[in-house]
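*Asks:*
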Amino acid sequence: MSIGNNIKTKRSELGLSQEILAEKLHISQATLSNIEANKSTPDVILLQQIADILDTNINELLDGNTIIINNTNQKGGIGYAEVVNKFSDKLIALHVKQLAEKDDLIKELISKLSKS
Numbered sequence: 211m212s213i214g215n216n217i218k219t220k221r222s223e224l225g226l227s228q229e230i231l232a233e234k235l236h237i238s239q240a241t242l243s244n245i246e247a248n249k250s251t252p253d254v255i256l257l258q259q260i261a262d263i264l265d266t267n268i269n270e271l272l273d274g275n276t277i278i279i280n281n282t283n284q285k286g287g288i289g290y291a292e293v294v295n296k297f298s299d300k301l302i303a304l305h306v307k308q309l310a311e312k313d314d315l316i317k318e319l320i321s322k323l324s325k326s
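If you count by this note's numbering, then the sequence shown holds residues 211 to 326, one letter each, in order.
#1: On a Cα-Cα basis, can you pick out the residue from LYS220, ASP253 and GLY225 that is closest to LEU301?
#2: At the level of alpha carbons, what is the spacing between LEU309 and LYS218?
#3: Compute the distance between the beta-carbons of THR266 and LYS307, then report whether it is under 8 Å.
#4: Classify ILE255 as buried or exposed, calling it buried when 16 or more other Cβ atoms lie within 10 Å of its own Cβ.
#5: Excluding five sequence neighbours on each side, which residues of the same chain lie with their C-beta closer than 7 Å to the C-beta of SER243?
Given below as C-alpha cells:
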C-alpha cells in the first residue's frame, strides 16, 4: 500500500476523521485529503507528526510493515527500531520530489517577478 493509503487506514482504525487529524497536525483538511489520495506526499517532519498522532512509526506508514528487533539497550529486550538503510531510498525519493516541486515554484515566482 502507499503512504496515503496507510495513513487513511490507520486513521480509520483509530476512529479519527480527516478534520480531527488535520486539526491536530495544523494543516487543512484538503491537504490531508490530498495526502491520503496520494496526490501529494508529506515531508519527513509531517510524516513523523502523523505517525506520532496515529500511535505508529514512519516505517509502518511507508510500507505497512512493523520492524521489531532485539534491542539490548532496552529493558524487556524487544523494541521498535527505525531501520534507516531499508527506507533511505524511499526518503531520498520523497526529498527529491519535494525539491523538484520547490524548484518549479521558485522558477514560476521568478518568472512572475521578472514580468512585473
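Quick reminder that beta carbons are idealized off the backbone N, C-alpha and C, glycines included.
*Replies:* So, from the data block:
#1: Here residue 301 refers to the residue found at position 91 when the sequence shown is read from its first residue. Considering only alpha carbons, the answer is ASP253.
#2: Against the sequence shown, residue 309 aligns to sequence position 99. Against the sequence shown, residue 218 aligns to sequence position 8. The straight-line gap from Cα to Cα measures roughly 25 Å.
#3: Working through the sequence shown from its first residue, we reach residue 266 at position 56. Working through the sequence shown from its first residue, we reach residue 307 at position 97. No; because the gap between Cβ atoms is not below 8 Å, this pair is not in contact.
#4: Translated into the one-based positions of the sequence shown, residue 255 becomes position 45. The residue in question, ILE255, is exposed, as its Cβ has fewer than 16 Cβ neighbours within 10 Å.
#5: For this step, residue 243 is matched to residue 33 along the sequence shown. Taken in chain order, the residues that qualify are GLN228.
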